[in-house]
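Protein chains in written order, with the working numbering: chain Z, -5 to 195; chain C, 130 to 298. Note that beta-carbon positions come from the ideal geometry of N, C-alpha and C, so glycine has one too. Everything numeric in this text was worked out from a predicted model, so none of it was measured. Before any comments, here is the structure.
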Amino acid sequence: MQLEKLVNVTLWLKMALSKKYLEMAISACVKKLADSDPQIRAEMAKTLGELGSEEAIPFLCQSLENEEIKDVIFAIMNAFTVIHNSGSNQPMSENPKYNFPNAQNVQIVEQTDGGDVIAHNYASPQNLAEAATEIQNLLDQLAETKPLTSQVIQQEIQQNSDFKTRLKKSISAGSIETLKVIFAPLGIPIEMLKAWLEIES
Amino acid sequence: MITNHQYTQMAIEALSDKLNDSIPEIRAKAAESLGKMGDSVPISALINRLLVEQNQQVQLNLIETLGEIGNDAAIPDLVNYLNVEDSLIRIATAKALGKIGSEKAISYLVNALTDSDASVRAVAAQALGQIGSEEAIPNLIRIFSDPDKTVRLQVADAIGKIGQRYAVA
């Protein structure tokens, strides 16, 4: 039962998950880039391109240097261009509208033609992933001693001020959307969680 | 995004190295791939290769990629390829000059309007339309009576494009 709930939580932790699985997939493909079968090597290069993560580029470069089979070389070159032109797993736009290297949280205020001011609060993706992971860790620890129910979480928040503070901190770094997907499967609406944590809506 | 930039440069360098591979197909693919890596690709490796390249397909890809990158620093070297014997190379060059879109190429493209090959003349007219400078108009009008219909159509289209641009401004 506990395990089931945790799996559910994990499944909903999209930000943290995609990063984790992405890294898993990349490292698996990178290992196979050195396979003795050229067809496998070419396929791995293609897959790394499809994953669209620039983190694969150094490994592709290394393979390209040693590669002698034409089709594999072509596949590696294609992977470069596919990664460069994919915006999915890491934004790669050449001229980003906004660029905040190493930003923690970012507020963007835009003025529209109509004169309206639109403010966006963005947490950087990295931060979201970290916050989600942090929350998951907190829940993991809790699940070791008790079944994860909404009552248990509420109690823990009330009794364990450290837990509460850490949860609050993770929340302020993350976003409401992230929290929704983490706590909804546990039967805890976001408004209830906010009330427990004494965060004003 | 700082790391993104570094990784892109890494891929560009790896591809640029392959421009000097001993196998023409690999050089051609490297040249083509560089054309899809954005406008931050340095053109020096492409130009240096183009100057010594003998394989037609590799030449064509290098020229096309220089057009894709769109850096007008390529123009002084590119324009020489409007005068080579191979008409496919001349066509690719005129096309690339149009893509780069700089007025620096106008006089060379105007010369190409009198090329012996009709396709080169048509592409040169098209390129002048893309560049969109009014100073090309008298030269375009001069070949309105070109024997080739495609050329005449492209000339009309180019004049229209230039006119539109000035109408907006």
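Taking all protein chains shown into account, do 16 or more other C-beta atoms lie within 10 angstroms of the C-beta of residue i, making it buried, or fewer, making it exposed?
{"i": "Z:Glu59", "result": "exposed"}
{"i": "C:Tyr136", "result": "buried"}
{"i": "C:Lys284", "result": "Before going further, note that residue 284 of chain C is Val rather than Lys in the sequence given. Buried, since its Cβ has 16 or more Cβ neighbours within 10 Å."}
{"i": "C:Ala254", "result": "buried"}
{"i": "Z:Ser57", "result": "buried"}
{"i": "C:Ser162", "result": "buried"}
{"i": "C:Arg156", "result": "buried"}
{"i": "C:Ile272", "result": "buried"}
Using the C-alpha atoms, what's the distance from residue j back to residue i?
{"i": "C:Ile229", "j": "Z:Val24", "result": "38 Å"}
{"i": "Z:Glu17", "j": "Z:Glu48", "result": "11 Å"}
{"i": "C:Pro276", "j": "C:Ser262", "result": "25 Å"}
{"i": "C:Ala223", "j": "Z:Ser80", "result": "30 Å"}
{"i": "Z:Asn72", "j": "C:Ala256", "result": "29 Å"}
{"i": "C:Pro153", "j": "C:Glu182", "result": "9 Å"}
{"i": "C:Leu282", "j": "C:Ser274", "result": "10 Å"}
{"i": "Z:Leu54", "j": "C:Leu195", "result": "24 Å"}
{"i": "Z:Ser21", "j": "Z:Ala50", "result": "9 Å"}
{"i": "C:Leu191", "j": "C:Ala159", "result": "9 Å"}
{"i": "C:Ala174", "j": "C:Leu180", "result": "10 Å"}
{"i": "C:Ser231", "j": "C:Ala241", "result": "16 Å"}
{"i": "Z:Tyr116", "j": "Z:Lys163", "result": "The predicted position of Z:Tyr116 is uncertain, since its pLDDT is 46 and thus under 50; a value taken from the coordinates is nonetheless stated next. Rounded to whole angstroms, Z:Tyr116 to Z:Lys163 spans 16 Å at the Cα level."}
{"i": "C:Ala247", "j": "Z:Ile70", "result": "39 Å"}
{"i": "Z:Ile129", "j": "Z:Leu45", "result": "26 Å"}
{"i": "Z:Ile193", "j": "Z:Gln153", "result": "17 Å"}
{"i": "Z:Phe177", "j": "Z:Pro52", "result": "38 Å"}
{"i": "C:Ala296", "j": "C:Ala225", "result": "26 Å"}
{"i": "C:Thr243", "j": "Z:Ile77", "result": "43 Å"}
{"i": "Z:Gln145", "j": "Z:Lys188", "result": "15 Å"}
{"i": "C:Glu214", "j": "C:His134", "result": "40 Å"}
{"i": "C:Asp286", "j": "C:Ser245", "result": "21 Å"}
{"i": "Z:Gln135", "j": "Z:Ala19", "result": "27 Å"}
{"i": "C:Met139", "j": "Z:Ala39", "result": "16 Å"}
{"i": "C:Pro205", "j": "C:Asn212", "result": "13 Å"}
Cutting at 6 Å between CB atoms, please list the residues of its own chain near residue i, excluding the five before and the five after it.
{"i": "Z:Thr41", "result": "Cys23"}
{"i": "Z:Leu0", "result": "In this prediction, Z:Leu0 has a pLDDT of 47, which is less than 50 and means its spatial position is unreliable; what the coordinates show is noted afterwards. Answer for Z:Leu0: Ala137, listed in chain order."}
{"i": "C:Gln185", "result": "none"}
{"i": "C:Glu197", "result": "Gly164"}
{"i": "Z:Lys158", "result": "Ile151"}
If you drop the 5 nearest sequence neighbours on each side, which residues of the same chain put their C-beta closer than 7 Å to that of residue i?
{"i": "Z:Pro32", "result": "Ile63, Asp65, Val66"}
{"i": "C:Glu264", "result": "Ile235"}
{"i": "C:Gln188", "result": "Leu179, Glu182, Ile218"}
{"i": "C:Ile288", "result": "Ile266, Leu269"}
Please report the Cβ distance between residue i and residue j, rounded to the nearest whole angstrom; I am assuming they are in contact, meaning their Cβ atoms lie under 8 Å.
{"i": "C:Asn200", "j": "C:Ile172", "result": "5 Å"}
{"i": "C:Val249", "j": "C:Ser216", "result": "6 Å"}
{"i": "Z:Leu142", "j": "Z:Leu132", "result": "Their Cβ separation, rounded to whole angstroms, is 11 Å, which puts Z:Leu142 and Z:Leu132 out of contact at 8 Å."}
{"i": "Z:Leu191", "j": "Z:Ile147", "result": "Actually they do not touch by this definition, with Cβ atoms about 11 Å apart."}
{"i": "C:Leu148", "j": "Z:Phe74", "result": "With 8 Å as the limit, C:Leu148 and Z:Phe74 do not qualify as a contact, their Cβ atoms being about 14 Å apart."}
{"i": "C:Ala203", "j": "C:Ile176", "result": "6 Å"}
{"i": "C:Gly292", "j": "C:Ile260", "result": "In fact, because the Cβ distance is near 14 Å, the residues do not count as touching under 8 Å."}
Could you name the residues of the same chain whose beta carbon sits closer than 8 Å to that of residue i, not counting the 5 residues immediately before and after it, in chain order?
{"i": "Z:Ala28", "result": "Arg35, Ser57"}
{"i": "C:Lys351", "result": "This structure cannot speak to residue 351 of chain C, because chain C is shown only from 130 to 298."}
{"i": "C:Asp150", "result": "Arg156, Ala159"}
Those runs of the alpha helix (DSSP H) which lie wholly inside the segment 258 to 291 of chain C and span at least 4 residues: 266 to 271
Completely contained alpha helix (DSSP H) runs for the segment 216 to 265 of chain C, where each covers 4 or more residues: Here the runs fully enclosed are 216 to 229, 235 to 241, 247 to 260.
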